[in-house]
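Asks: At position 308 of the sequence shown (counting the first as 1) the number is 308 in full-length UniProt numbering, and the numbers step up by one without a gap. Cβ coordinates follow ideal geometry from the N, Cα and C atoms, glycine included.
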Amino acid sequence: MASNDPFDQTPSGFPDIIRDLHTKVVQAQPKDLYQFCGDYFNHKLEEQRAELLCLEEMLEVSDEEVYTSGAEDYATSSQHTLSTLGDDSEEEDIVGELQHIPPALNRVRRTSVSAESMEPTDNGEYLKMVVEKTAAQRERIESSISNNFLFKNLDEEQKKDAVDAMAEKKIFQGEEVIKQGGIGDYFYIVESGSLDCYVEKEGDVEPLKVTDFEPGASFGELALMYNAPRAATIVATSDCVLWALDRVTFRRMLMERTNSKRKMYEHFLEEVPLLASLESYEKHKIADALETLVFEDGEVVIRQGDIGQNFYIIEAGEAIVTKADASNFASQISVLTKGDYFGELALLNNKPRAATIVASGKLKVVTLGKRAFVRLLGPVVDIIRRNTANYRVISRQVT
Ligand SMILES: Nc1ncnc2c1ncn2[C@@H]1O[C@@H]2COP(=O)(O)O[C@H]2[C@H]1O
Numbered sequence: 001m002a003s004n005d006p007f008d009q010t011p012s013g014f015p016d017i018i019r020d021l022h023t024k025v026v027q028a029q030p031k032d033l034y035q036f037c038g039d040y041f042n043h044k045l046e047e048q049r050a051e052l053l054c055l056e057e058m059l060e061v062s063d064e065e066v067y068t069s070g071a072e073d074y075a076t077s078s079q080h081t082l083s084t085l086g087d088d089s090e091e092e093d094i095v096g097e098l099q100h101i102p103p104a105l106n107r108v109r110r111t112s113v114s115a116e117s118m119e120p121t122d123n124g125e126y127l128k129m130v131v132e133k134t135a136a137q138r139e140r141i142e143s144s145i146s147n148n149f150l151f152k153n154l155d156e157e158q159k160k161d162a163v164d165a166m167a168e169k170k171i172f173q174g175e176e177v178i179k180q181g182g183i184g185d186y187f188y189i190v191e192s193g194s195l196d197c198y199v200e201k202e203g204d205v206e207p208l209k210v211t212d213f214e215p216g217a218s219f220g221e222l223a224l225m226y227n228a229p230r231a232a233t234i235v236a237t238s239d240c241v242l243w244a245l246d247r248v249t250f251r252r253m254l255m256e257r258t259n260s261k262r263k264m265y266e267h268f269l270e271e272v273p274l275l276a277s278l279e280s281y282e283k284h285k286i287a288d289a290l291e292t293l294v295f296e297d298g299e300v301v302i303r304q305g306d307i308g309q310n311f312y313i314i315e316a317g318e319a320i321v322t323k324a325d326a327s328n329f330a331s332q333i334s335v336l337t338k339g340d341y342f343g344e345l346a347l348l349n350n351k352p353r354a355a356t357i358v359a360s361g362k363l364k365v366v367t368l369g370k371r372a373f374v375r376l377l378g379p380v381v382d383i384i385r386r387n388t389a390n391y392r393v394i395s396r397q398v399t
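1) Roughly how many whole angstroms lie between the Cα atoms of residue 128 and residue 384?
2) Kindly identify the DSSP beta-bridge partner or partners of residue 186.
3) Going by alpha carbons, who is nearest to residue 232 out of 293, 196 and 190?
4) The beta strand (DSSP E) spanning residue 213 covers which residue range?
5) Quick one: is residue 323 buried, meaning 16 or more other Cβ sit within 10 Å of its Cβ, or exposed?
6) Within 10 Å of its beta-carbon, does residue 38 have 16 or more other beta-carbons around it, so buried, or fewer, so exposed?
7) Does DSSP put residue 71 in a helix, a strand or coil?
8) Can you name the residues that DSSP bridges to residue 37?
9) Would you kindly report the start and end of the unbroken alpha helix (DSSP H) that includes residue 205?
10) For the candidate residues 159, 368 and 282, whose alpha-carbon lies nearest to that of residue 290?
11) What are the start and end residues of the beta strand (DSSP E) that includes residue 259?
12) Are the Cβ atoms of residue 243 and residue 146 separated by less than 7 angstroms?
13) Find out if the Cβ-Cβ distance for the pair residue 224, residue 187 is shorter than 7 angstroms.
14) How close, in whole Å, do the beta carbons of residue 373 and residue 295 come, if the pair is a contact with beta carbons under 8 angstroms?
15) Near residue 321, which residues of its chain fall below 6 angstroms by C-beta distance, leaving aside the five closest residues on each side in sequence?
16) Given this structure, state the Cα-to-Cα distance separating residue 302 from residue 252, to the nearest angstrom.
17) Which one of 348, 343 and 206 has the shortest CA to CA distance from residue 366?
18) Do you know how far the Cα of residue 230 is from the Cα of residue 182?
19) Residue 331 lies in the beta strand (DSSP E); which residues open and close that run?
20) My output table needs one value for residue 310: the three-state DSSP class, helix, strand or coil.
21) To the nearest angstrom, report how far apart residue 265 and residue 286 are at their CA atoms.
22) Quick one: is residue 8 buried, meaning 16 or more other Cβ sit within 10 Å of its Cβ, or exposed?
23) For residue 211, collect the residues of the same chain with a Cβ closer than 6 angstroms to its Cβ; drop the 5 residues on either side in sequence, then sort them by chain order.
24) Can you determine whether any heavy atom of ligand 1 sits closer than 6 angstroms to the C-beta of residue 406, and answer yes or no?
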């Protein structure tokens with residue numbers, strides 16, 4: 001007779017997982033149990049993903065490719081695994097292991113990777129992903145990431161790790177790179193081509209295009225950051241070259257900073273009137289690109305007549321706007337406070353700065369470069385243009 005005890009259905013392996021977690025909990029005595037358990041499972045998922053990526057790629061490439069390329073890299077961490085590849089029974093074990101991967105995880109995307117290894121760090125704490133590539137490919141990645149805000153504050157060593165870990169992915173027009181609801185495997189940077197991003201909400205007749213991506217843009221971070229299903233579908237609108245960064249490297253290198261920047265600016269950006277019509281995801285992308293600057297009382301932020309490259313929003317404090325007439329007589333036009341913006345005219349019309357802005361007391365601003373201004377504030381440029389009409393009125397009053 002079939003047992004009614006639900007614990008009889010416990011999948012094999014589960015008690016071991018719980019026992020291991022239990023041991024770790026007893027050792028760490030965490031204050032926040034849910035967070036600790038969440039972190040534990042995330043870590044396990046990352047380890048599993050890293051191993052699977054490595055195993056899959058090794059099974060795909062020929063032995064010759066594996067042994068000849070990056071032999072140094074394999075010498076330590078992967079030697080025992082590689083040395084088993086020639087042995088049929090061991091290879092079956094590896095294949096068997098892969099077959100136990102949940103089907104969606106098993107659908108790891110193919111890249112034009114010739115060989116890939118996981119390299120132990122000096123302190124042996126984690127493994128680094130190394131995807132073989134040519135000097136020309138490295139140069140192309142370096143140039144692509146130099147256009148991307150998330151990579152801006154990495155030190156040289158971290159940049160090298162990122163370049164090592166990236167894999168080139170060629171996409172044809174019409175191809176779907178990410179499917180909403182799918183599992184997050186890679187974070188992507190666009191080297192060339194363009195892609196559209198669609199979100200389908202429950203009850204929608206069809207997916208809605210929410211944004212598009214051009215060279216220098218990146219996408220695919222959400223599922224990796226939050227261990228959530230893919231939040232959007234991304235389709236190439238032309239042939240594209242993308243650089244794919246695996247989930248483990250992304251989380252180790254970029255997640256913390258991205259997360260903390262988005263959190264840091266979240267509240268402030270919600271309160272900026274100019275950005276009120278933007279979706280919260282668009283505000284997150286703005287947060288990625290923002291830099292905070294602090295000016296002391298009397299310091300000039302922008303000077304009339306200079307060539308300007310930046311756009312500013314006031315985070316705290318006040319700024320005084322003055323404009324000089326033809327005889328160089330300066331009059332105060334207005335006072336800007338928290339949430340107000342300035343510096344847009346020079347970016348919109350490629351002309352020198354039309355006024356001088358000076359800090360009145362301590363002034364904290366966030367700034368966006370011209371490229372980010374164009375890319376991220378595109379949806380509100382009409383509002384900005386409409387607002388500039390006011391300046392013309394003010395400037396007529398002054399002159
Ligand atoms: N409005 C949006 N909502 C959700 N994701 C978006 C949106 N616009 C762009 N995206 C990107 O689309 C990606 C789909 O995969 P991810 O959920 O991993 O990460 C998502 C974001 O990088």
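Replies: Taking the coordinates as given:
1) Near 45 angstroms, if we compare the C-alpha coordinates of residue 384 and residue 128.
2) The partner list for residue 186 (beta bridge, DSSP) reads 246.
3) Ranked by Cα distance from residue 232, the first of 293, 196 and 190 is 196.
4) That run of the beta strand (DSSP E) goes 208 to 213.
5) Residue burial is scored here from C-beta neighbours: residue 323 has at least 16 other C-beta atoms within 10 angstroms and is therefore classed as buried.
6) Around the CB of residue 38, fewer than 16 other CB atoms lie within 10 Å, so the residue is classed as exposed.
7) In this prediction, residue 71 has a pLDDT of 27, which is less than 50 and means its spatial position is unreliable; what the coordinates show is noted afterwards. Residue 71: helix per DSSP, three-state reduction.
8) Residue 37 is not bridged to any residue.
9) Premise fails: residue 205 is in no alpha helix (DSSP H) and is neither H nor E.
10) If we check each option's Cα against that of residue 290, 368 comes out closest.
11) Counted as a single uninterrupted DSSP element, the stretch harbouring residue 259 is not any beta strand (DSSP E) but the alpha helix (DSSP H) occupying residues 256 to 270.
12) The answer is no: Cβ separation not under 7 angstroms.
13) Inclusion of residue 224 and residue 187 in the CB contact set at 7 angstroms is warranted, their separation being smaller than that value.
14) With a beta-carbon spacing of about 20 angstroms, residue 373 and residue 295 fall beyond the 8 angstroms limit used to define contacts.
15) Cβ within range, chain order: 333, 334, 355 and 357.
16) Between the C-alpha atoms of residue 302 and residue 252 there is a straight-line separation of about 38 angstroms.
17) Of the listed residues, the one whose Cα sits closest to residue 366 is 343.
18) One alpha carbon belongs to residue 182, the other to residue 230, and they sit about 5 angstroms apart.
19) 330 to 336 is the extent of the beta strand (DSSP E) around residue 331.
20) Correct three-state label for residue 310: strand.
21) Looking at the two C-alpha atoms, the distance is approximately 9 angstroms.
22) Label assigned to residue 8: exposed.
23) The answer, listed in chain order, is 197.
24) Given a span of 1 to 399 for the chain in the structure shown, any question on residue 406 remains unanswerable.
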